[in-house]
Amino acid sequence: MIDLPQLQILAQLLDNMAILSNQLEKSYNQNDSELFKRTKAEILSIQNKISGLL
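Note that my numbering has the sequence shown beginning at 53, numbered continuously upward.
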């Protein structure tokens, strides 16, 4: 079972994912491949962290 600190971390990671998804869309619209690549890597890192918590 997930305890309170883990839930707080999970909530923060999900918030970061929302911010990064907006950044990903912005980088795509601006054709900024470097920002897109960095943002995508950050999203994948967060997904791995979430998987580790669950």
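Here a beta-carbon is modelled for each residue, glycine too, at the ideal position from N, C-alpha and C.
A straight-line Cα-Cα distance of about 17 Å links GLN64 and THR91.
The DSSP assignment places 85 to 105 as complete runs of the alpha helix (DSSP H) inside the region 69 to 105, in order along the chain (cut-off: 4 residues). Apart from the 5 residues on each side of it in sequence, PHE88 sits with its Cβ closer than 7 Å to the Cβ of LEU76, SER79 and TYR80 in its chain, given in chain order. ASP67 carries a helical assignment under DSSP once its states are collapsed to helix, strand and coil.
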